[in-house]
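Numbering (our numbering), first residue to last: 12 to 335. Glycine is no exception: its CB is placed at the ideal position from the N, C-alpha and C atoms. Some notes on the structure that comes next.
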DNA sequence: AATGAAACCTGACAGC
DNA sequence: TGCTGTCAGGTTTCAT
């Protein structure tokens with residue numbers, strides 16, 4: 012269901028809510044469809060792991076996990092009485108830093124202790140990858156909260172809350188990756204790619220530009236809504252062959268894609284049907300759509316009725332006057 | 001090799 | 001109220 016801006020919004024929401032928390036146990040539903048790794052592998056990897064960071068890669072949500080030394084494990088019927096202390100966080104202590112004396116020098120050091128910097132210096136022990144497909148949702152809730160239909164995974168957190176994965180249509184996917192293999196979906200991030208590189212992605216391709224934009228092996232994260240909106244803003248028809256687009260037009264498209272994605276992220280994504288972020292809040296970008304979902308309505312620029320055609324099995328919306 | 005269509009599923013909604 | 005048909009923001013697979 013969600014595209015880059017929605018996944019980004021969800022990942023940010025989750026990061027603020029579950030970063031630093033520890034997954035104590037995992038419950039998996041009976042439906043194996045959403046699992047790309049084996050149930051055993053997923054449970055073994057997630058249980059007793061600390062969530063070091065939550066971030067977005069393409070349309071995937073990536074949980075960076077650090078193994079937590081188990082505090083007290085009943086070893087073969089024998090319970091260890093002495094509860095070992097939770098190992099101190101893997102962060103260097105500010106006081107151990109020779110220069111951490113004055114306030115001014117302490118501050119930046121503490122600022123360095125963020126998840127982002129931690130993962131930069133030390134790769135995570137494992138990664139949990141969630142793709143939401145069309146209808147997947149990740150919610151953080153109290154254990155008492157009613158278990159929604161189509162709940163496929165529940166992670167019990169040390170904080171007492173639960174992280175749940177719900178997906179009615181089961182197009183979503185869950186997998187785990189152990190360091191050092193790591194997760195790489197291919198493609199480049201549209202918000203990071205240079206104009207040169209962007210243009211090179213599409214040169215010589217005979218496929219319609221819309222199909223190329225949706226190809227996650229080229230550009231990762233752009234989906235149907237933002238492809239249509241980007242093409243409208245750059246005046247290019249969805250069916251145009253990628254190879255037939257000039258460098259200059261591709262440059263315009265490069266800027267349009269990034270502009271649309273940035274605006275959508277700023278507004279918390281597009282809420283169509285039941286999309287909500289990790290806090291249950293709806294996004295607002297759907298009010299900014301200029302072509303998507305506006306078949307028959309007047310173009311906001313020239314008044315021509317917006318057309319809808321099916322391309323590669325997906326609805327494509329465009330203005331026949333503004334887009335050539 | 002590359003492109004397009006079909007398939008994977010369930011739920012919501014419109015029309016009868 | 002209930003049936004049928006259509007559509008859905010994604011990805012993979014299978015024919016051309």
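request  = Specify the secondary structure class of residue 42 as computed by DSSP and reduced to three states.
outcome  = coil
ask   = What did DSSP end up calling residue 138 once you bin it into helix, strand or coil?
value = strand
key: Proximity of residue 10 and residue 177 at Cβ, strictly below 8 Å   = With the chain covering only 12 through 335, there is no way to say anything about residue 10.
query = Tell me which same chain residues have a C-beta within less than 7 Å of the C-beta of residue 307, skipping the five on either side of it?
reply = 316 and 317
Own chain, CB closer than 6 Å to residue 234, minus 5 neighbours either side, in chain order = 14
key: Beta-bridge partners of residue 152, as assigned by DSSP   = 173
task = Along the beta strand (DSSP E) that carries residue 340, what are the first and last residues, could you check?
result = Residue coverage of the chain in this structure runs from 12 to 335, which leaves residue 340 outside it and unanswerable.
ask   = Of all the beta strand (DSSP E) runs that stay within the bounds of the region 183–254, which reach a length of 3 or more residues?
value = 184–189
task = Return helix, strand or coil for residue 165, following the three-state DSSP convention.
result = strand
message = Looking at the strands, I want to know which residues DSSP matches up with residue 309.
response = 316
inquiry  = With a threshold of 8 Å on Cβ separation, who are the neighbours of residue 321 within its own chain once the five nearest residues in sequence on each side are excluded?
reply    = 327
request  = In the DSSP assignment, find the alpha helix (DSSP H) that holds residue 54 and state where it starts and stops.
outcome  = 50–57
Of the residues 207, 133, 26 and 195, the one placed nearest residue 264, counting alpha carbons only = 207
ask   = Since residue 282 sits in a beta bridge, which residues does DSSP pair it with?
value = Partner(s): none; residue 282 has no beta bridge.
inquiry  = What would DSSP say about residue 28, mapped onto helix, strand or coil?
reply    = helix
ask   = Are the beta-carbon atoms belonging to residue 197 and residue 228 less than 8 Å from one another?
value = yes
inquiry  = Taking contact to mean 3 or more Cβ pairs, one atom from each stretch, closer than 8 Å, check whether the region 73–80 and the region 136–144 are in contact.
reply    = yes
message = With three or more beta-carbon pairs closer than 8 Å as the criterion, would you say the region 243–255 touches the region 203–220?
response = yes
task = Could you tell me which of 61, 267, 70 and 319 sits nearest to residue 35, measuring between CA atoms?
result = 61
ask   = Which of helix, strand or coil does DSSP assign to residue 265?
value = helix
message = Please state whether the Cβ-Cβ distance between residue 237 and residue 271 is less than 8 Å.
response = yes
Residues that residue 321 bridges to, as DSSP identifies them = 326
inquiry  = With H, G and I counted as helix, E and B as strand and the rest as coil, what does DSSP make of residue 35?
reply    = strand
query = Roughly how many angstroms separate the alpha carbons of residue 42 and residue 331, rounded to a whole number?
reply = 45 Å
task = Taking 8 Å as the cut-off, decide whether the C-beta atoms of residue 274 and residue 299 are in contact.
result = yes
message = Let me confirm a value: residue 157 is counted as buried when at least 16 other C-beta atoms fall within 10 Å, else exposed. Which label applies?
response = exposed
inquiry  = Is the separation between the beta-carbon of residue 21 and that of residue 72 shorter than 8 Å?
reply    = yes
message = For residue 46, which residues in the same chain have their Cβ closer than 6 Å to its Cβ, ignoring the five residues on either side in sequence?
response = 185
ask   = Along the chain, where does the beta strand (DSSP E) that runs through residue 65 open and close?
value = 60–68
Contacts around residue 169, its chain only, beta-carbon distance under 7 Å, and the 5 residues preceding and following it disregarded = 32, 33 and 35
inquiry  = Could you check whether residue 165 and residue 175 sit closer than 8 Å to each other, using their CB atoms as the reference points?
reply    = yes
ask   = What is the DSSP secondary structure of residue 16, reduced to helix, strand or coil?
value = helix
message = I want to check one thing, is the minimum distance from the CB of residue 300 to the heavy atoms of the ligand GTP below 7 Å?
response = Judged by which ligands are present, the structure shown has none, so any question about the ligand GTP falls away.
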